[in-house]
Structure formats: structure tokens, C-alpha cells
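Participant: Before I ask anything, here is the structure I am working with.
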Amino acid sequence: MEVETTQRGSGDPLPFARSYQLEASEKALDQNAIPFLETGSRAEPYNEEQPIYFPPELVHQCPQETKTMYHHYLIELKQNFYYDVPVHDIVLAMRTELEPDIANLNFDLEVDRGRLTVNLKHVGVMELTPEQVLTARRFQITLLRVLIERGMKKLMKILDGFQLGNNLEMDYLLLPSNSSHGQLIDWKCVESALFSCNNVLKNHTNCSMKANARVVQTKSGLLCTCMIRNSLVYTPHNGHTYCVTGILEHLDANSLLRLRDGTDIVYKKYYERRYGIQLCFDQQALLNGKHIFTVQNYLSKCRRKKEKAPSNISVELPPELCHVIMSPISLSTFYSFAFVPSIMHRLQSLLLAVNLKKMLLDHCTQKVDIPTIKVFEAITTRNCQESYHLESLATLGDSFLKYAASQQLFKTFQNNQEGFLSYEKGRIISNVTLCKLGCNHKLPGFIRTEVFDTKSWMIPGDNSRSYVLNEEPLSDTRNVYVVGRRKVKGKTVADAVEALIGAFLSTGGQNAGLVFLDRIGVKVDFLNVPYDRQFQVKAERLLDLCHLESLLNYSFHDPSLLVEALTHESYILPEIPRCYERLEFLGDAVLDYLITLYLFNKYPGLSPGYLTDMRSASVNNDCYAQSSVKHGLHKHILYDSQELRQQITIAVDNFEKLSLQSTFGWESESSFPKILGNIVESLAGAIFIDSGYNKEIVFQSISPLLEPLITSETMKLHPARELIEFCQKEHFNMKELVLSQIDGMSSITLEVEAKGRLFKQTSLAFDKKTAKKLACKEVLRSLKESTSRT
40 MEVETTQRGS GDPLPFARSY QLEASEKALD QNAIPFLETG SRAEPYNEEQ PIYFPPELVH
100 QCPQETKTMY HHYLIELKQN FYYDVPVHDI VLAMRTELEP DIANLNFDLE VDRGRLTVNL
160 KHVGVMELTP EQVLTARRFQ ITLLRVLIER GMKKLMKILD GFQLGNNLEM DYLLLPSNSS
220 HGQLIDWKCV ESALFSCNNV LKNHTNCSMK ANARVVQTKS GLLCTCMIRN SLVYTPHNGH
280 TYCVTGILEH LDANSLLRLR DGTDIVYKKY YERRYGIQLC FDQQALLNGK HIFTVQNYLS
340 KCRRKKEKAP SNISVELPPE LCHVIMSPIS LSTFYSFAFV PSIMHRLQSL LLAVNLKKML
400 LDHCTQKVDI PTIKVFEAIT TRNCQESYHL ESLATLGDSF LKYAASQQLF KTFQNNQEGF
460 LSYEKGRIIS NVTLCKLGCN HKLPGFIRTE VFDTKSWMIP GDNSRSYVLN EEPLSDTRNV
520 YVVGRRKVKG KTVADAVEAL IGAFLSTGGQ NAGLVFLDRI GVKVDFLNVP YDRQFQVKAE
580 RLLDLCHLES LLNYSFHDPS LLVEALTHES YILPEIPRCY ERLEFLGDAV LDYLITLYLF
640 NKYPGLSPGY LTDMRSASVN NDCYAQSSVK HGLHKHILYD SQELRQQITI AVDNFEKLSL
700 QSTFGWESES SFPKILGNIV ESLAGAIFID SGYNKEIVFQ SISPLLEPLI TSETMKLHPA
760 RELIEFCQKE HFNMKELVLS QIDGMSSITL EVEAKGRLFK QTSLAFDKKT AKKLACKEVL
820 RSLKESTSRT
């Protein structure tokens, strides 16, 4: 009989089946005194708003010196798709040198037409004068505000009298590159933000365009056509901005315009009717204007693919209606800079991961090298809708925490029964505890919880938006900046703690995982502590020792451990004072971790979350119970219960009628006595102790019993999970389950309303989990058949 314990993350423990076992233990041990857990106060996790951190590498006092040193990084953009507007590289200038694993950053952006590859590389250090910094800031503010806001709203007011300030601010520069022409920075393009009509004509009396050059009247004044051919213009009559890409020599205001309804009208007449504008210079050639690109979140893997607008869609613009904002600047520059917010958001997130990693490793005496990208993955939630999120790492971290805590409790409290151990383990691995540990170490400020919104992205150097950078210490030697506050769910913080365990473990090994646990306040070690047991019994008198050791491919140093692992509580005798439950408690955690680690390493390319599904299908009582019957372990259980004998007989008969190719998953439609699965775990616990806590030996011994192990091709979702996802996809209404007891059997009634029809199923089983599985499987089958017919 298995003692019920609190489920992972459920908060308060469920009632114990044998609660009397705990009374003496709880009197002997204060509830707050787990000796290897530092949680501080027993109060609930913080409910107030948490800070939102911003990386200090991107924040500085505005440069006031004659020259300021900037590290220059080339953001190389490579189009993996065809588009007749090419991208070009961008220069990122920062006053802080990036960490090596970020300085060589490489990732893809999801573009409507395909993928854009982003490569970052350090190209040198350069001094910039305050005048160059001021010009660069005017350029990026103008260009990025036009791209993000798609207009001139407030821009002229912001730039009027724009100067460098004295306050802390986001201090980095984004500049167009001209590397294809041998120049790192295209300063001619940068200076396009300083465009003024004053005196431009006298500089163009000998224009390079020679015979094709001429003067045209614009809203800004008289300009040479070479100055307007590649420019950003604003048309006040409709509030739009356009990138001018050429002169339409064959069209002027007296030419015909084809309207959408198929009729023709002279351009001059069209503007008079539509806008009430009288064109005065009707002999001037019209300009070819392109709409400004839309800035989107190119990091989202769930981004909806929109209609691919052809790049040749353009408008014809009378020059006299155009106010020139920037010149010269190309359409390629606008297209390239449309990706900048997504690129910088990714870099900003990685810099936060760097700061978190450094904070966690401050004062660490061991050499631990964790890639920044893994820490970044561990603080990225599914809600961000990016290609990375923390679920797989959290699954690995959860299993390791359970393994470490169970092992430590087992060795620390050798005279306490399984119910007490499970209760204490539940407290250690609960969401409440993990959230508290995470909050104590300032984790909420680093966690990424939302989809990137390009409109909320803060343009560097643009101080017109109301944000305040407040410095906050992370440690004695490290600071970060706070840009706002938000609420973070306790479960999200707990998930991130587990994911960080997984990040340290997967890249730095077991020692790195222990370093992280120690850093957040879980003090565990994997020392070989002798198992103190007053257990004198000759195993050969009770068990077929040779057969069991042959089956397990392991020879016991202390065979009495094998007796304990196979003894049911109904069989306890003076010479056998313990049943299998303590070993099952330990073996459960060991097997969970071993199988999770095996799957994590074998399938590194799986999408996040799939590991969780594979583990669920492999690590469950049905899986272990079927393996137990398949290899005849049930014949060696020591028990004295007629009821249990009957249950095992029925389970064995049902199993022999099945034609299962594997023992994992959810294929079985009958329930199994829990002891059949539990003894697989208790045997794992026994081998773990007998081998000196060697988990590799446990895997070598137990994994053959579970073969064939699950693969990505054979994985099947639990019917309940599959039904939920199917109903969500088809927008069916799944009603709450109705649970009842009929003659000692569990009854589950399930109803789903789909397209005006009600699909209902009631299933009976010895336990509610099996009843639920059967009901879900039947309703799912009926729904799929109905859907396929329609």
C-alpha cells in the first residue's frame, strides 16, 4: 500500500494514508528545521510587484569627453530567401566589451519570406567625438521612430535643439555599415539625419549626375534631383512617410492615374478632388516612393505569416508635396533597420542572462562554465513564444532536485518512515519553496514572461519617453538597472529555478548542479553515507537470490536489501522490520532522474516541452507495473494479503491477454496494484545503496527491464492530454469530470460538446486514474471518428 504524498507544486500536502507514522517524527523535528534547506521566513512568496531589470552594459553617463572609446561590433545580416531589397550590415557601438560567448552570437529571425541569419562579431575599438555621437543619435532616433511609429509624430519636436545630456541613459549606437565598400560605418548615411535645404544647391552646381541633374521644387525648397533620389520624405497632406527610390521621368502631374475602380484621372485633378490641393509645378517629374517597412517581432516562432507584399508596390509623389527628412539614405537601410528592435531585444535578454550567471557564480570556489545561451533559455517562458523556452530544462532540473533531495533525506533521516520523507521532500521541491528561494536571490527581475512588443522597445538615446533607470545591487560587487515593475506568478519563478538547475546540470555536470543548489540555499551532497539498518536476515531463505541477481544483472553485497525491496507491509516479521517503502521512495527519484537524463541527452534537438511528454510516458506506475509482470518480478514479492493476491492475479491475467510491443505509455486499459510498479522503484533504490550510490549501475540494471525504451517516434500522449489539446484545437467544450464511487470502484463521467452534439462516456476502474484514462480514450476516439466523417 503506497502512502500518498503531496504532488509537485501543489502547496499543502494531501492527507497521508498512514498519518500516524508522522506524529513521532514531527515532534522530534521542528517543521522549519530541514537542516539542508535555507528558505528564511515561512511566509508566502512575495505578492507585490517585482522589478524589471535592464543590463548595465547598455547604460552609461552621456559621454562628455573630447573623445569616447566605443567597442564596435558588426551585425552581419544574411538573407536566406529571395527579395529584391537587399539587407546590409549594421554596426553596434558600445562602451562595454561583450562576453566572448555573446560577442560571437548567431541566431535566426523569422521573416515572412524565410529566415534572416544574424551574426555578431567584434571588429575593433574606435574613439568617437561628442559631435559624432550626437549625429549618430539623431540618425538612429529619426530612423527608428519613423520605422516604429510610421510617421513624424513628435519627431521634429524631439530633434529640435537635441543635445547630449548628463544623466544615466541607454548608451549604445546603431549605425549603417558600408563594409562592402571598405568602410565600417557609412557616415554619409548617418549624416543624412542632418539634412537641410540651406545652401545645398550651390554644392550641386557640378552634380555627379551631370546631364540628368536638375532642380525641383519640394516642400522643403529647391533641391537637386540627386538629393531627393534616395531620401526619406514626409507628405503632410496624408501624414505618411516614404522612401524615394527614383525619378519617374515619364510621369508628371498631367499624366493619367489609373484608380482602383478602373477609371482614369489626371494626377493634378486627383489631388484637387481628394485633398483639395492645387499643384503648382505640374511639369515636374513625379517621384517613385516606397512605403516604410513595418517593424515586427521577428523573434516569435508563432508569428503569423502575412501575405507577402511584392516589393515593387510604390506610389507616385509630386515633389512639391514632399518634405525631405533624411538624404541620402537607401531603401535597404530602412529594411535592414526594421530588424534592429528584435536583434537588440535578443541581445538585451542575453546580457541579462550574463548578469544572472555572474551573480550566481560570485564567490564560487569551483570552476563552473555555463554557456550564457543556456541561462537565457532557463529564464525564457513559453509565453514569450520564441524558439527557446525553459520547459525541457525545468523537467531536467525538477528530476535532479527530486533526486538530490530524496537522497539527502534518505541518508539524513535513516530511522524515519517513507511518509515523513515524502512530506519533507514535498516541502523542498514545492512551488512555494522554490519561489521563495528564487525571490531571495532576485530571480523575478531576470525572468522573461511576455511576447516582445516592438512598440514598447526603448530607442537608445531617445529620452523623450518616460522611463527611469534606477540602480539596484545584485551583490556586493555587481549592480543592475530597474526600468519598471510587474507581477510574476510564483509558479513561474519556481519553474525558472528548476530550469536553472537544468541549465547548470546539462552543461556543467552534476557538480555544477550541486553548486547552483548550494547557491540558492539547498545544501546537499552526494557523499557515500552507510545505510544504518538493524536488519539480520538470510535472503536465501526467503527469495530465489540467484534468479533475481541474474534477472537484475547485479550481485548484492548486502542481499538483505533485496529482501527489504520486495517486502510488502502485510509481511513484516520481527526479522524483517521494514517494508519496501523507504527504498521505493529513494528509487522513485533515482529512476525518474536517470530516465529524464537519458531522454534529455538522447534527443537534444526536440522542441521544448516534448521531453516532459516523453518522461510522463516512461516514468509512471503503469509502465513499471507492466515491466514487473513481464519479467515475473511479481512472483518474488513477499506479502500476506488475500486481497492483494487477488489483485495481482487479475492484473497478470489481463497483461497476458495484451499484445503490447512495449511497456511504456498508456496502452493498457486495466489498472495495476501499485506495488507492482513500486517494487521496480524499490529494487532501484536497493541497488543504488548497495552499489555505493552509483546511479550508472542502477541504470544498467533496471533499464533492460523497461526495454524497449521510448523513442520520439513511438511517443504517445496520455489520452487526457491528447483530448484537451484536440478540444482546444477544434474549439470543443470539454466539461468538468464527474467522479463517484460504485461498489468500491471509481467511476468517471466525461462530457464534450462538439458541433451541437454531446459526446459522453462513463468508465469504471479500480482507481480513478485508470477510469479517467479509459473515459478520455473513448471520447477521443468518438470525436475523431465524427470529425473525420464531416
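Per our numbering, residue 40 is the first one in the sequence shown, and the count goes up by one each step. Glycine included, every Cβ here is placed at the ideal spot set by N, Cα and C. Just so it is clear, the structure is predicted and the values come from calculations on it, not from any experiment.
Going by C-alpha to C-alpha distance, which of Phe738, Ser710, Ala664 and Arg684 sits closest to Asn717?
Facilitator: The sequence position of residue 717 within the sequence shown is 678, counting from 1. Checked all of Phe738, Ser710, Ala664 and Arg684; the closest Cα to Asn717 is Ala664.
Participant: Do Val532 and Glu468 have their beta-carbon atoms positioned less than 8 Å apart in this structure?
Facilitator: For the purposes of this step, residue 468 is identified with residue 429 of the sequence shown, where counting begins at 1. For the purposes of this step, residue 532 is identified with residue 493 of the sequence shown, where counting begins at 1. It should be noted that the sequence gives Ile, not Glu, for residue 468. Not closer than 8 Å, so no.
Participant: Considering Cys263, what are the terminal residues of the beta strand (DSSP E) in which it resides?
Facilitator: Reading the sequence shown from its first residue, position 224 is the one you call residue 263. Per DSSP, Cys263 belongs to the beta strand (DSSP E) from Gly260 to Cys263.
Participant: Identify the residues that DSSP records as bridge partners of Met784: which are they?
Facilitator: Sequence index remark: in the sequence shown, residue 784 carries index 745 (1-based). According to DSSP, Met784 bridges with Ile781.
Participant: Per DSSP, which one or two residues make a beta bridge with Glu166?
Facilitator: Counting from one through the sequence shown, the residue named residue 166 turns up at place 127. DSSP output for Glu166 lists Met108 as bridge partner(s).
Participant: What residues are listed by DSSP as bridge partners for Asp147?
Facilitator: In the sequence shown, the residue the question calls residue 147 occupies position 108. Per DSSP, Thr156.
Participant: Check this for me: beta carbons of Ala759 and Lys811, under 8 Å apart or not?
Facilitator: Taking the sequence shown and counting its residues from 1, one reaches residue 759 at position 720. Taking the sequence shown and counting its residues from 1, one reaches residue 811 at position 772. Yes, these two residues count as a Cβ contact at 8 Å.
Participant: Hey, would you say Gln800 sits closer than 8 Å to Val777, going by beta carbons?
Facilitator: Reading the sequence shown from its first residue, position 761 is the one you call residue 800. Reading the sequence shown from its first residue, position 738 is the one you call residue 777. Their beta carbons are not under 8 Å apart, which means Gln800 does not touch Val777 by this criterion.
Participant: What is the DSSP secondary structure of Tyr427, counted as helix, strand or coil?
Facilitator: One-based indexing of the sequence shown puts residue 427 at position 388. Coil at Tyr427, not helix or strand.
Participant: The ligand ATP and Lys441: does any heavy atom of the ligand fall closer than 7 Å to the residue's C-beta?
Facilitator: This structure lacks the ligand ATP, and indeed carries no ligand of any kind.
Participant: List the whole-angstrom C-beta distance separating Pro483 from Gln89, where the pair is believed to meet the contact cut-off of C-beta under 8 Å.
Facilitator: If you number the sequence shown from 1, residue 483 lands on position 444. If you number the sequence shown from 1, residue 89 lands on position 50. Correct: roughly 4 Å between the Cβ atoms.
Participant: Are His670 and Leu587 close, meaning C-beta to C-beta below 8 Å?
Facilitator: Your numbering for residue 670 matches position 631 in the sequence shown. Your numbering for residue 587 matches position 548 in the sequence shown. Cβ atoms of His670 and Leu587: not closer than 8 Å.
Participant: Along the chain, which unbroken stretches of the alpha helix (DSSP H) at least 4 residues long are found entirely within the stretch 745-829?
Facilitator: If we require 4 residues or more, the alpha helix (DSSP H) runs fully inside the stretch 745-829 come out as 758-769 and 807-828.
Participant: Have a look at Glu188, Gln171, Asp631 and Leu636 and flag the residue whose alpha-carbon is nearest the alpha-carbon of Asn660.
Facilitator: One-based indexing of the sequence shown puts residue 660 at position 621. Comparing Cα-Cα distances from Asn660 to each of Glu188, Gln171, Asp631 and Leu636, the minimum goes to Asp631.
Participant: Near Leu488, which residues of its chain fall below 7 Å by C-beta distance, leaving aside the five closest residues on each side in sequence?
Facilitator: Your numbering for residue 488 matches position 449 in the sequence shown. Leu is not the amino acid found at residue 488; the sequence shown has Thr there. Excluding sequence neighbours, Thr488 sits near Thr420, Asn422, Val527 and Thr531.
Participant: Using a Cβ-Cβ cut-off of 8 Å (strictly less than) and excluding sequence neighbours within five positions of Leu460, which residues of its own chain qualify?
Facilitator: Position 421 of the sequence shown, counted from the start, is the residue given in the question as residue 460. These residues qualify, in order along the chain: Ser445, Leu448, Phe449, Phe452, Arg621 and Phe624.
Participant: On the DSSP bridge assignment, give the partners of Gln89 in chain order.
Facilitator: In the sequence shown, counting from the first residue as 1, residue 89 sits at position 50. Paired residue(s): Arg525.
Participant: Counting only the same chain and skipping the five closest in sequence on each side, list residues whose C-beta sits under 7 Å from that of Ser827.
Facilitator: The residue given as residue 827 occupies position 788 in the sequence shown. Excluding positions up to five away in sequence, the list is empty.
Participant: For Met365 versus Ser235, is the C-beta distance shorter than 8 Å?
Facilitator: The residue you call residue 365 lines up with position 326 of the sequence shown. The residue you call residue 235 lines up with position 196 of the sequence shown. Contact: no.
Participant: Assign Asp729 to one of two classes, buried (16 or more other C-beta atoms within 10 Å of its C-beta) or exposed (fewer than that).
Facilitator: Position 690 of the sequence shown, counting from 1, holds the residue named residue 729. Buried, by the Cβ-count rule.
Participant: Does DSSP classify Lys329 as helix, strand or coil?
Facilitator: Mapped onto the sequence shown, residue 329 falls at position 290. If DSSP states are grouped into helix, strand and coil, Lys329 belongs with the strands.
Participant: Could you give the distance in angstroms between the alpha-carbon of Thr606 and the alpha-carbon of Phe146?
Facilitator: In the sequence shown, counting from the first residue as 1, residue 606 sits at position 567. In the sequence shown, counting from the first residue as 1, residue 146 sits at position 107. Spanning the two alpha carbons is a distance of roughly 55 Å.
Participant: According to DSSP, which residues form a beta bridge with Lys192?
Facilitator: Residue numbering aside, residue 192 sits at position 153 when the sequence shown is read from its first letter. Its beta-bridge partners do not exist; DSSP assigns none.
Participant: Residues in its own chain within less than 6 Å of Ala142 by CB, not counting five upstream and five downstream?
Facilitator: Residue numbering aside, residue 142 sits at position 103 when the sequence shown is read from its first letter. Cβ within range, chain order: His161.
Participant: Tell me which residue opens and which closes the alpha helix (DSSP H) that His596 is part of.
Facilitator: Indexing the sequence shown from 1 puts residue 596 at position 557. Looking at the DSSP string, His596 is not in any alpha helix (DSSP H), and its letter there is neither H nor E.
Participant: How should Cys403 be labelled, buried or exposed, when 16 other C-beta atoms within 10 angstroms of its C-beta is the threshold for buried?
Facilitator: In the sequence shown, counting from the first residue as 1, residue 403 sits at position 364. By the 10 Å Cβ count, Cys403 comes out exposed.
Participant: Could you check where the beta strand (DSSP E) with Asp303 kicks off and where it finishes?
Facilitator: Working through the sequence shown from its first residue, we reach residue 303 at position 264. Asp303 -> beta strand (DSSP E) spans Asp303 to Val305.
Participant: Identify, in the order they occur along the chain, each residue of the same chain with its Cβ nearer than 6 Å to the Cβ of Thr135, setting aside the five sequence neighbours on each side.
Facilitator: Looking up residue 135 in the sequence shown gives position 96. Only Glu96 meet the Cβ criterion.
Participant: Hey, Ile352 and Leu186: beta-carbon distance below 8 Å or not?
Facilitator: Taking the sequence shown and counting its residues from 1, the one referred to as residue 352 is at position 313. Taking the sequence shown and counting its residues from 1, the one referred to as residue 186 is at position 147. No. Outside cutoff.
Participant: Residues in its own chain within less than 8 Å of Gly50 by CB, not counting five upstream and five downstream?
Facilitator: Within the sequence shown, numbered from 1, the residue matching residue 50 stands at position 11. At Gly50 the pLDDT is 36, less than 50, meaning the model places this residue with poor confidence; the figure from the coordinates comes in the next sentence. Taken in chain order, the residues that qualify are Ser469, Asn470 and Val471.
Participant: Given that a residue counts as buried once 16 or more other Cβ atoms are within 10 Å of its Cβ, and exposed if not, what is Leu797?
Facilitator: Along the sequence shown, one-based indexing puts residue 797 at 758. So Leu797 counts as exposed.
Participant: Assuming Ser721 is part of the alpha helix (DSSP H), what are its boundary residues?
Facilitator: Along the sequence shown, one-based indexing puts residue 721 at 682. Looking at the DSSP string, the run of the alpha helix (DSSP H) that includes Ser721 is Lys713 to Asp729.
Participant: Pairs of beta-carbons, one from the stretch 645-652 and one from the stretch 575-591, closer than 8 Å: are there three or more?
Facilitator: They do not touch, by the three-pair rule.
Participant: Reducing DSSP to helix, strand and coil, say where Glu608 ends up.
Facilitator: Reading the sequence shown from its first residue, position 569 is the one you call residue 608. Three-state DSSP puts Glu608 in a helix.
Participant: Sort out for me which residues DSSP pairs Ile73 with in a bridge.
Facilitator: The residue given as residue 73 occupies position 34 in the sequence shown. None, per the DSSP bridge assignment.
Participant: Given a cut-off of 8 Å, decide if Thr274 and Gly190 are closer than it, judged by their beta-carbon atoms.
Facilitator: To locate residue 190, count along the sequence shown from 1; it is residue 151. To locate residue 274, count along the sequence shown from 1; it is residue 235. Contact: no.
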